[in-house]
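Chains as they are written, first to last, in the numbering used here: chain A, 6 to 363; chain B, 6 to 363; chain C, 6 to 363; chain D, 6 to 363.
In this text, a Cβ means the ideal position worked out from N, Cα and C, and glycines have one as well.
As the structure is a computational prediction, the values presented were derived from the model and not from experiment.
Reviewing the structure listed below.
4 protein chains.
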Amino acid sequence: MSSTWGNNIKLSIFGGSHTGAIGVVLDNLPPNEKIDLDAVRVQMARRAPGKDKTATTRVEADEPEILSGLLDGVTTGAPLAAIIHNTNMRSKDYADLKVHPRPGHADYTAAVRYDGANDIRGGGHFSGRLTACLVFAGAVCRQILARRGITIGAHALQIGTAKDAPFDPVHISAEDLDALNTRFFSVTDPAAEAAMREEIENARLDADSLGGIIECAAVGVPAGIGSPMFGGIENVFSSILYGIPAVKGVEFGAGFSVAGMRGSENNDPFYYDENGCVKTETNHAGGILGGITTGMPILFRLAVKPTPSIGKAQKTVDLSTKQNDTLTITGRHDPCIVPRAIPVAEAAAAIALMDLMR
Amino acid sequence: MSSTWGNNIKLSIFGGSHTGAIGVVLDNLPPNEKIDLDAVRVQMARRAPGKDKTATTRVEADEPEILSGLLDGVTTGAPLAAIIHNTNMRSKDYADLKVHPRPGHADYTAAVRYDGANDIRGGGHFSGRLTACLVFAGAVCRQILARRGITIGAHALQIGTAKDAPFDPVHISAEDLDALNTRFFSVTDPAAEAAMREEIENARLDADSLGGIIECAAVGVPAGIGSPMFGGIENVFSSILYGIPAVKGVEFGAGFSVAGMRGSENNDPFYYDENGCVKTETNHAGGILGGITTGMPILFRLAVKPTPSIGKAQKTVDLSTKQNDTLTITGRHDPCIVPRAIPVAEAAAAIALMDLMR
Amino acid sequence: MSSTWGNNIKLSIFGGSHTGAIGVVLDNLPPNEKIDLDAVRVQMARRAPGKDKTATTRVEADEPEILSGLLDGVTTGAPLAAIIHNTNMRSKDYADLKVHPRPGHADYTAAVRYDGANDIRGGGHFSGRLTACLVFAGAVCRQILARRGITIGAHALQIGTAKDAPFDPVHISAEDLDALNTRFFSVTDPAAEAAMREEIENARLDADSLGGIIECAAVGVPAGIGSPMFGGIENVFSSILYGIPAVKGVEFGAGFSVAGMRGSENNDPFYYDENGCVKTETNHAGGILGGITTGMPILFRLAVKPTPSIGKAQKTVDLSTKQNDTLTITGRHDPCIVPRAIPVAEAAAAIALMDLMR
Amino acid sequence: MSSTWGNNIKLSIFGGSHTGAIGVVLDNLPPNEKIDLDAVRVQMARRAPGKDKTATTRVEADEPEILSGLLDGVTTGAPLAAIIHNTNMRSKDYADLKVHPRPGHADYTAAVRYDGANDIRGGGHFSGRLTACLVFAGAVCRQILARRGITIGAHALQIGTAKDAPFDPVHISAEDLDALNTRFFSVTDPAAEAAMREEIENARLDADSLGGIIECAAVGVPAGIGSPMFGGIENVFSSILYGIPAVKGVEFGAGFSVAGMRGSENNDPFYYDENGCVKTETNHAGGILGGITTGMPILFRLAVKPTPSIGKAQKTVDLSTKQNDTLTITGRHDPCIVPRAIPVAEAAAAIALMDLMR
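Structure (structure tokens):
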């Protein structure tokens, strides 16, 4: 199935970039949960375009209209449904793409998958704009999780060659994450932001784009969440995280660096803390053993590919003439989507935890 | 859910390391598919323990007994069910672990998750032995996929500091993969195997263990398989790949290296090949755009953590006295599970493709 | 899960009677299917209220707004999403029901289920109005099924004591069904309609309501659709049919009358027809054996309870004072929902078949 | 999917009548639940064949072998898996059926569905023998439910023309049900059993078979279980109940008799009982409003068709010669499966409630 996700909750995302609206349904949320829509708007604004030169200049209001599931600001237990109207569309930008698939985009694969019937305008159902629905759903879930003591936050760990200071896998705190999780272009080291912005600006001036790595943490998750084999935190998280366009890798804890480690180094020693809680001295496991939470911070990283839409001329094919051809993409694009993808990663983590803890 | 997986097929895995048998059910396979059980045994033998010094000396016959779904060697359309009897168990090795959870293992998290009721013997349902069920199911699926022109193979890309030559993302062929996918300790460069074996032997002599990276490819997958958002190749593959114990990272195509790339470099230019097929000059996408196959080789890498069971004394807790303590694990263990995990990775890929193409 | 249904397609229904809109998402429809929205409107008009004295006088436009999945009248393969705006709401009619649950309604059970948070206005997510979403989705599916030779139609078999002539289980034809499946108050015998209308009018004048039985048939369904055990036609159909409010029974073929039959009478003899097709002389099986279609007409019946909203004073409780009390329901209600439920039954059958044949 | 069922638990059934064994997996049961295997055997014995002249003389031990999920008689939280060995098979009885499909059986539809590959021996995966797996799973679930105050029991309401006294929908008690739910040929009125046995014997002597109606109740289910639309008690129950071979109708509460009732008669008035609990004076709803339990007894009825295997000569086709033909079935058959189906109905109800309350 393409756009439905979840076991204990059901997330359904619909709409396209250039239709009347996009929308989202979140089924089986707990009732009687107060939802602050202003806090939801803060999250949606972090993802919204048009903020600065690092992002596309396309501006969207991104105001959700609630159709069910909320009454007087409290969840009713009915499916929480919202639509976000599309206010700013320039379909002419996309007219040519049915013939000339954009390298790195889904234009070609979607045409094959849907036998040419797919709506190409703005990427249709493949549009990054649909991540607004994830952010809405995640912003609702994170408020419910917060009342259970859980805090989620992320930052740009790397953009191009510029790197931010990584999270401390053992000591990262709710306070640390709350200092990040309402910001645009979240980083732990201000110097990193400057370096990242410079690399993005250089890419933009070259009519090119940059990729990066997002690091995300969830603290306050109790031990014992998740299940063995296919019900593990890693399985559930990655199954939704790969729903974020441009993600090409997901790793947990020490991730790929475990390849060079020995067991004696990678194993996290258990100990009792001053409160009689079992903790681990290190956290190479990223808070997960056997798919189940240890109670230590959950840590994961996402590899985000450079925006495929670039101004440079690119080699492609002409599907009408069946000849090789070149394409120069016009329209408004992000030289780097990493800053806008940070709240999306947090949102996906919140939805995944809501599903696992429901 | 822990041990049930799949949308178009349903995989159900049961049993534990120290019960009478482990077993697997694969529901909704196509009927009238001839299954060569000798070819299945070849795959199971690649995973089976007791092969050499790189693996545990525990020996298991791993002979599957078919209970339904096959008649005269042909699939009937009924659920394909098989059990694999456990012939070699030393439960005494595990008596102490309820009190002293092993660092890096699920002993502690399972105890919390299942309120102390979990079967600890041999890791119970968390045992790596259950991957024999994945290999059985994958060995069945890969025979069906082979008749549709699909070939899957993997190798040890890295163990400790020793590295094998990576697959050519564009030109990797069915012949290349068939040269690997029936071998134990599959590598593309014989010199790499020698270096890897030496590192493993050194770890073993140090009563320690090593992690690694497995690279897997699937060729012959037609363009247009998979769906946007949550039905993508990456979502489906990772949701089963993280069911392999010790996997801490999954990346596709260029994976985490996209972070340092520009769009002009990462985008794979389209062109028409001599047969009028659309191909890409490079394959940073790992054969996947928008979650949907391009027709180029599907490529992914798994980060496999070092076996947590090591002979060295380790810090842990005593859950009975609530004191910090130390643990020295006895019994038979793999200094490196990467060689045995290679056929498991291939099997998981085969099951995932069977689900996506059913 | 409450409002998400389906295996091969995913149906998601959201909204409430007194919110801005209700809506529906249908994920994984085949692409390139032409959808005639006027034909969809015909189906929605059959269910819409305000038609005559047999139904509530509440009038709704029920005009669907498509948000994705259709482009130039053709399915794109993206989730087909539509919202139907609520134009006519009298919330004051419902103010008292939080305290005095209506007998036969979900007011009390929803209050317990959702800890009092449920939206009571117009029944909230329990409103029969949400069946408009089923009719929309079914109207789309039946057009796709029609191109595969499948026709669905239903009629009022019984209302109160008035009975219509039942379908001929063997010879019911597409023509017979097409003569019914665009009508309001569909019956095979005009005399039956008059008798039914008279009973309904008598009930209305008594400030009371009537139940009935709907009989539905699907012809042209090829043999071999469905699966044993839990994937059978009966399992799948009933799992969606019980989603229609007021349905208290579902039977297939001879249904409950099999209780008094002998095997020699109930078994349907096989024979080859003039075209060399296997048929059955009788069709007590309702076109289903072992959960799988025989190729004969699929036949099922729904028991529809009398509308619980009646003008008569009824005994109920006062949940605030915890005293027994009486309730007299005001507002606009259907003396009999059977006529409006007929297109809903057809729609549910179309969605179920779409799921089974996708 | 054919043989996997459930949302909050996953039931997987495998094996066939004439393979080495049949088996069942129940995933996601709560841990630390004590399971009395003798009580499980009592339930399996109620379903087992060879009991008396009302059933087939084929004798099966039906002793389950537990492969995981139970340790020292307590659930571990791992998938509860059991196999039941097939000890008594006469395959020769079935050799002819590939050519001559039995009327009323799935021989023909399975051949079409599985392109002739289906295992016909003993009905293969369509065999009623697989209901032993349902009874095993249900016997485990009902023990867990019993600790939550829930009791389930059923009886033969009708066989042929002989009728038993129906349950009192309001006052049926746990004691009433416990007096029935360990018996073979459960009835409330001993005189009914005699009459039913006589009708069955007459059918048997005529080489014919009889159908019937099973009535089942569950008491002690708290109010508030179930969800609107597709997550209702009726949807979930019927989706598993139709997995019992020969079931052609399922109704809840007043069921099909609602057709002739008025709202003022069918609505169940609410009142506060002496303990301050909300109850209903009548229970036409069968304990379900809006798909959610009211706290009153859950009541449902199953229509069970006469065993299709009869000794009389029947008309059928010869699929090899494509000619019409006749068939006389030899082998051992039940003249009436209703008595043996009673524990299966109770088991399915227990599994459904376990899924809904997990």
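So, using beta-carbon positions, are Met359 (chain B) and Ile14 (chain B) closer together than 8 Å? By one-based count along the second sequence, residue 359 (chain B) stands at place 354. By one-based count along the second sequence, residue 14 (chain B) stands at place 9. In contact: Met359 (chain B) and Ile14 (chain B) (Cβ atoms closer than 8 Å).
Minimum length 4: unbroken alpha helix (DSSP H) runs contained in the segment 165-240 of chain B: 179-183 and 195-210
Let me know the alpha helix (DSSP H) ranges lying completely inside the segment 107-135 of chain D, each 4 residues or longer, listed in chain order. 112-118
Helix, strand or coil, according to DSSP, for Val104 (chain A) in the structure here? Position 99 of the first sequence holds residue 104 (chain A). It is coil, neither helix nor strand.
Gly165 (chain A) vs Arg118 (chain C) beta-carbon contact at 8 Å: Sequence index remark: in the first sequence, residue 165 (chain A) carries index 160 (1-based). Sequence index remark: in the third sequence, residue 118 (chain C) carries index 113 (1-based). Cβ distance not < 8 Å, so Gly165 (chain A) and Arg118 (chain C) don't count as in contact.
Kindly indicate if chain C contains any beta-carbon less than 8 Å away from that of Phe131 (chain D). Translated into positions along the fourth sequence, residue 131 (chain D) becomes position 126. Taking Cβ atoms only, chain C reaches closer than 8 Å to Phe131 (chain D), which makes this a yes.
Assuming Asp43 (chain C) is part of the beta strand (DSSP E), what are its boundary residues? In the third sequence, residue 43 (chain C) corresponds to position 38, counting from 1. Premise fails: Asp43 (chain C) lies in the alpha helix (DSSP H), Leu42 to Arg52, not in any beta strand (DSSP E).
Which residues, taken in chain order from the segment 66-80 of chain A, show a beta carbon closer than 7 Å to some beta carbon of chain B? none
Are there 16 or more other CB atoms within 10 angstroms of the CB of Leu210 (chain B), so buried, or fewer, so exposed? Counting from 1 along the second sequence, the entry for residue 210 (chain B) is found at position 205. Classification of Leu210 (chain B): exposed, given that the 10 Å Cβ count is below 16.
Counting only beta-carbon atoms, is Gly28 (chain C) nearer than 8 Å to chain A? Within the third sequence, the letter at position 23 stands for residue 28 (chain C). Yes, its Cβ sits closer than 8 Å to a Cβ of chain A.
With a threshold of 16 other CB atoms inside 10 Å of the CB of Asn280 (chain B), please say whether the residue is buried or exposed. Taking the first residue of the second sequence as position 1, residue 280 (chain B) is located at position 275. Result: exposed.
What's the gap between the Cα of Ala86 (chain A) and the Cα of Thr114 (chain C)? Your numbering for residue 86 (chain A) matches position 81 in the first sequence. Your numbering for residue 114 (chain C) matches position 109 in the third sequence. Roughly 22 Å between the two C-alpha positions.
Using 8 Å for Cβ pairs, my map puts Ala159 (chain B) next to Ala350 (chain B). What's the rounded Cβ distance? In the second sequence, residue 159 (chain B) corresponds to position 154, counting from 1. In the second sequence, residue 350 (chain B) corresponds to position 345, counting from 1. Sure, about 5 Å apart at Cβ, within 8 Å.
Kindly say whether Pro302 (chain D), judged by its beta-carbon, lies nearer than 8 Å to any beta-carbon of chain C. Here residue 302 (chain D) refers to the residue found at position 297 of the fourth sequence. Not an interface residue.
The beta strand (DSSP E) that contains Val343 (chain D), what's its start and end? One-based indexing of the fourth sequence puts residue 343 (chain D) at position 338. No beta strand (DSSP E) holds Val343 (chain D); the alpha helix (DSSP H) holding it covers Val343 to Met362.
So what does DSSP say about Gly265 (chain D), is it helix, strand or coil? Along the fourth sequence, one-based indexing puts residue 265 (chain D) at 260. Helix.
Which residues in chain C sit within 7 Å of Asp213 (chain D), going by Cβ to Cβ distance? For the purposes of this step, residue 213 (chain D) is taken as residue 208 along the fourth sequence, with counting starting at 1. Arg267, Gly268 and Ser269, listed in chain order.
Nearest-angstrom Cα distance between Val30 (chain A) and Gly21 (chain A)? Taking the first residue of the first sequence as position 1, residue 30 (chain A) is located at position 25. Taking the first residue of the first sequence as position 1, residue 21 (chain A) is located at position 16. Going from the Cα of Val30 (chain A) to the Cα of Gly21 (chain A) covers about 15 Å.
For the beta strand (DSSP E) that contains His90 (chain D), what are its first and last residues? For the purposes of this step, residue 90 (chain D) is identified with residue 85 of the fourth sequence, where counting begins at 1. That run of the beta strand (DSSP E) goes Leu85 to His90.
Does Leu210 (chain D) come within less than 8 Å of chain C when only Cβ atoms are used? Locating residue 210 (chain D) in the fourth sequence gives position 205, counting from the first residue. Answer no: the Cβ-Cβ gap between Leu210 (chain D) and chain C never drops below 8 Å.
If we cut at 8 Å on Cβ distances, does Arg118 (chain A) have a partner in chain B? For the purposes of this step, residue 118 (chain A) is taken as residue 113 along the first sequence, with counting starting at 1. Yes, contact with chain B.
With 8 Å as the C-beta to C-beta threshold (strictly closer), list the residues of the segment 30-59 of chain D near chain G in chain order. Among the protein chains of the structure shown, namely A, B, C and D, there is no chain G.
Going by DSSP, what residues sit across from Pro69 (chain B) in a beta bridge? Within the second sequence, numbered from 1, the residue matching residue 69 (chain B) stands at position 64. DSSP, once it has assigned bridges, lists B:Ile89 as partnering Pro69 (chain B).
Just how far apart, CA to CA, sit Asp120 (chain A) and Cys221 (chain A)? Along the first sequence, one-based indexing puts residue 120 (chain A) at 115. Along the first sequence, one-based indexing puts residue 221 (chain A) at 216. Cα to Cα, the separation comes out at about 37 Å.
Compare the C-beta of Asp112 (chain D) against all C-beta atoms of chain B and say whether one is closer than 8 Å. To locate residue 112 (chain D), count along the fourth sequence from 1; it is residue 107. Judged by the 8 Å Cβ criterion, Asp112 (chain D) is not in contact with chain B.
To the nearest angstrom, how far is it from the Cα of Glu206 (chain D) to the Cα of Thr59 (chain D)? Taking the fourth sequence and counting its residues from 1, the one referred to as residue 206 (chain D) is at position 201. Taking the fourth sequence and counting its residues from 1, the one referred to as residue 59 (chain D) is at position 54. Their backbone Cα atoms lie some 7 Å apart in a straight line.
Could you have a look at Ile249 (chain B) and say whether DSSP puts it in helix, strand or coil? Position 244 of the second sequence, counted from the start, is the residue given in the question as residue 249 (chain B). Coil.
Indicate whether at least one CB of chain B lies closer than 8 Å to the CB of Ser17 (chain D). Residue 17 (chain D) sits at position 12 when you count from the first residue of the fourth sequence. Yes, because at least one Cβ of chain B sits closer than 8 Å to the Cβ of Ser17 (chain D).
Within the 8 Å Cβ cut-off, does Met362 (chain C) reach chain D? Taking the first residue of the third sequence as position 1, residue 362 (chain C) is located at position 357. So no, Met362 (chain C) is outside the interface.
Please list the terminal residues of the continuous beta strand (DSSP E) segment that includes Ala290 (chain B). In the second sequence, residue 290 (chain B) corresponds to position 285, counting from 1. It is not in any beta strand (DSSP E) - Ala290 (chain B) carries neither H nor E in the DSSP assignment.
Would you please verify whether the beta carbon of Gly225 (chain A) is less than 8 Å from any beta carbon of chain B? Position 220 of the first sequence, counted from the start, is the residue given in the question as residue 225 (chain A). No, its Cβ sits nowhere closer than 8 Å to a Cβ of chain B.
Between Lys310 (chain D) and Asn271 (chain C), how many whole angstroms is the CB-CB distance? I'm expecting something under 8 Å. If you number the fourth sequence from 1, residue 310 (chain D) lands on position 305. If you number the third sequence from 1, residue 271 (chain C) lands on position 266. Rounded, the Cβ-Cβ distance is 6 Å, consistent with contact.
Please name the residue, chosen from C:Val145, C:Ala50, C:Pro69 and C:Ala352, that lies closest to Pro364 (chain C) on a Cα-to-Cα basis. The first residue shown for chain C is 6 and the last is 363, placing residue 364 (chain C) beyond what the model contains.
Compare the Cα-Cα distances from Glu204 (chain D) to each of D:Leu42, D:Phe19 and D:Ile342 and report the closest residue. Walking along the fourth sequence from the start, residue 204 (chain D) turns up at place 199. Checking every option, the nearest Cα to that of Glu204 (chain D) belongs to D:Ile342.
For a cutoff of 8 Å on Cβ pairs, would you count Ser191 (chain B) as touching chain A? In the second sequence, residue 191 (chain B) corresponds to position 186, counting from 1. Judged by the 8 Å Cβ criterion, Ser191 (chain B) is not in contact with chain A.
Where does Ser256 (chain A) fall in DSSP's three states? By one-based count along the first sequence, residue 256 (chain A) stands at place 251. Rather than Ser, the amino acid found at residue 256 (chain A) in this sequence is Glu. Strand, per DSSP.
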